[in-house]
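Student:
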Amino acid sequence: MKRFLRRFFYAFGPRSRRWVRRGVYAPVDLWTLLRHGGRPHYNGIPLPLPGEIFTGGGDFLANGLLFKQFFQDLGGLQSHESVLDIGSGLGRMAIPLTDYLVSPAQYRGFDVVDVAVQLCQKRITRRYPHFQFAHVALVNDLYTLEGSSADHFIFPYADHQFDFAWATSVFTHMERHEVINYLREARRVIRPGGRFLATFFLVDDIARQAAQGGAYDFSVQRGEDWYMDAEVKGANVGFAPGHVQLWAKETGWSAAQVYLGRWSGRLGETTDFQDIVIFS
Ligand SMILES: C[S@@+](CC[C@H](N)C(=O)[O-])C[C@H]1O[C@@H](n2cnc3c(N)ncnc32)[C@H](O)[C@@H]1O
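Written out as structure tokens, the structure reads:
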């Protein structure tokens with residue numbers, strides 16, 4: 001069913017896909033508004049309605065709160081540290097941090113979808129000016145067809161500006177040369193001793209076998225990487241764990257600690273749905 005729905009959505013272009021979602025979810029949105037007597041809020045910030053959330057499934061707030069904990073427990077984030085949110089989407093990670101990060105901490109986020117950045121500016125920055133969002137015009141065939149390639153993109157921040165950064169559910173939608181560039185750029189903008197949390201689909205034989213026939217069956221292989229859809233490359237992308245380790249070394253990171261998630265259905269160590277890697 002999940003695979004069928006995904007196929008249906010991928011038949012539309014990125015912009016129309018967001019509108020189709022709004023239409024399909026209209027009854028759910030209405031029910032949410034009725035149930036909460038308006039939009040639900042967190043720390044004074046209105047949360048997006050289910051139909052607006054084009055950035056992944058699950059409970060928007062619960063997932064944000066879960067990662068707030070991972071940032072502290074796995075990434076060692078402290079409340080005074082400055083952070084970068086790569087692919088900030090609708091502020092799922094930013095919103096729960098508004099009651100955690102305190103001066104002199106600064107939050108910066110950037111994303112390729114202009115409407116998402118505008119919503120975050122309107123809903124979050126207006127109330128919390130140390131949370132700032134920027135739009136960057138880059139192509140990703142799942143999210144936007146306008147812009148240049150991400151594989152030579154220079155992050156618009158100074159060297160060593162941040163203590164901690166993350167890319168949650170972003171490298172799972174990008175191709176290897178883009179990811180390698182982002183690992184290098186993250187290394188540049190994070191200070192020595194800083195940390196970077198990124199989520200991946202790490203595809204090895206065990207994960208592939210466990211995932212076979214399920215909703216996360218990476219059935220398309222291009223070169224050495226795994227894709228979920230033959231046409232929309234950004235739909236979901238998986239990399240071999242050994243490659244990610246190699247790229248970490250090549251881009252100047254000294255360690256890449258892996259915490260396996262439960263996306264494939266494999267038994268064993270689990271944290272989140274996706275696999276988490278802490279680069280340090
Ligand atoms: C699945 S959503 C996750 C959003 C957010 N990180 C979260 O966890 O809620 C993926 C996000 O990555 C953004 N994105 C895709 N390619 C990007 C790129 N090259 N640079 C920055 N953001 C990108 C998309 O626009 C989208 O908002």
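Count the sequence shown with my numbering and you get residues 1 to 280, in order.
Every residue, glycine too, gets a C-beta built ideally from N, C-alpha and C.
What separation, rounded to the nearest whole angstrom, lies between the Cα atoms of Val113 and Ala150?
Tutor: Rounded to the nearest angstrom, the two C-alpha atoms are 13 Å apart.
Student: So does Asn140 have its beta carbon nearer than 7 Å to some heavy atom of ligand 1?
Tutor: Answer for Asn140: yes, Cβ within range of ligand 1.
Student: Confirm the yes/no value for this check: CB of Asp229, any heavy atom of ligand 1, distance under 7 Å.
Tutor: Not so, every heavy atom of ligand 1 lies at least 7 Å from the Cβ.
Student: Does the region 72-91 come within contact of the region 202-211, defined as at least 3 CB pairs closer than 8 Å?
Tutor: Taking 8 Å as the limit for Cβ pairs, the verdict is that the region 202-211 does not touch the region 72-91.
Student: Pull up the DSSP beta-bridge partners for Phe162, would you.
Tutor: Answer is Ile190.
Student: Which residue spans inside the region 109-133 form an unbroken alpha helix (DSSP H) run of at least 4?
Tutor: Qualifying alpha helix (DSSP H) stretches, in chain order: 114-120.
Student: Candidates Asp159, Pro14, Asn236: which alpha carbon is nearest Gly194's?
Tutor: Taking only the C-alpha atoms, the option nearest Gly194 is Asp159.
Student: What residue range is occupied by the uninterrupted alpha helix (DSSP H) comprising Ile154?
Tutor: Careful: Ile154 lies outside any alpha helix (DSSP H) and carries neither H nor E.
Student: Rounded to the nearest angstrom, what separates Phe201 and Pro48 at their Cα positions?
Tutor: Computed Cα separation, rounded: 26 Å.
Student: As an exercise, report each continuous beta strand (DSSP E) stretch of at least 3 residues that is fully enclosed by the region 222-267, in chain order.
Tutor: Here the runs fully enclosed are 225-227, 256-259.
Student: Using a Cβ-based criterion (distance less than 7 Å to any ligand heavy atom), does Ala105 qualify as near ligand 1?
Tutor: Not under cutoff, so the answer is no.
Student: Please tell me whether Pro233 and Glu175 are closer than 8 Å, where the distance is taken between their beta carbons.
Tutor: For the sequence presented, residue 233 should be read as Lys rather than Pro. Cβ atoms of Lys233 and Glu175: closer than 8 Å.
Student: Among Leu260, Met228, Pro27, which has the Cα closest to the Cα of Phe273?
Tutor: Ranking the options by Cα distance to Phe273, first place goes to Leu260.
Student: Any contact between the region 133-142 and the region 107-125? By contact I mean 3 or more CB pairs, one from each, below 8 Å.
Tutor: The region 133-142 is in contact with the region 107-125.
Student: Using three-state DSSP, classify Tyr216 as helix, strand or coil.
Tutor: Coil, per DSSP.
Student: Tell me the DSSP secondary structure of Ser148 in three-state form.
Tutor: Of the three classes helix, strand and coil, the one that applies to Ser148 here is strand, per DSSP.
Student: Pick from Val244, Asn236, Gly268, Gln245: whose alpha carbon is nearest that of Arg7?
Tutor: Of Val244, Asn236, Gly268, Gln245, the residue nearest in Cα terms is Asn236.
Student: Considering only residues of the same chain and omitting the five flanking positions on each side of Ile95, which have a CB-CB separation below 8 Å?
Tutor: Taken in chain order, the residues that qualify are Tyr42, Asn43, Ile45, Leu47, Leu61, Gly64, Ile124.
Student: In angstroms, rounded to a whole number, what distance separates the CA positions of Pro129 and Gln121?
Tutor: Straight-line Cα distance between these residues: approximately 9 Å.
Student: Can you tell me whether DSSP reads Arg39 as helix, strand or coil?
Tutor: Note: Arg39 maps to coil in three-state DSSP.
Student: Measuring CB to CB, does Ala167 end up less than 8 Å from Asp204?
Tutor: Result no, Cβ atoms of Ala167 and Asp204 do not sit closer than 8 Å.
Student: Give the range of the beta strand (DSSP E) segment to which Arg279 is assigned.
Tutor: Checking the displayed sequence, the identity of residue 279 turns out to be Phe instead of Arg. Looking at the DSSP string, the run of the beta strand (DSSP E) that includes Phe279 is 275-279.
Student: When every heavy atom of ligand 1 is checked, does at least one fall within less than 7 Å of the C-beta of Asp111?
Tutor: Because some heavy atom of ligand 1 lies under 7 Å away, the Cβ of Asp111 counts as near it: yes.
Student: In angstroms, rounded to a whole number, what distance separates the CA positions of Phe218 and Asp229?
Tutor: Approximately 8 Å, taken between the alpha carbons.
Student: Taking the alpha helix (DSSP H) that Ile86 falls in, what are its first and last residues?
Tutor: Here Ile86 belongs to no alpha helix (DSSP H); instead the beta strand (DSSP E) covers 83-86.
Student: State the DSSP-derived secondary structure class of Arg92, mapped to helix, strand or coil.
Tutor: Residue state, collapsed to three classes: coil.
Student: The alpha helix (DSSP H) that contains Asn307, what's its start and end?
Tutor: The requested residue 307 does not occur in the structure, where the chain is confined to residues 1 to 280.
Student: Rounded C-beta distance between Gly51 and Ala26? I'm assuming under 8 Å.
Tutor: Their Cβ separation, rounded to whole angstroms, is 6 Å, which keeps Gly51 and Ala26 in contact under 8 Å.
Student: Does the Cβ-Cβ distance between Gln257 and Val244 come in under 8 Å?
Tutor: Cβ distance not < 8 Å, so Gln257 and Val244 don't count as in contact.
Student: Within the same chain, show all residues whose beta-carbon is closer than 7 Å to that of Ile53, passing over the 5 residues directly before and after it, in chain order.
Tutor: These residues qualify, in order along the chain: Phe60, Leu90.
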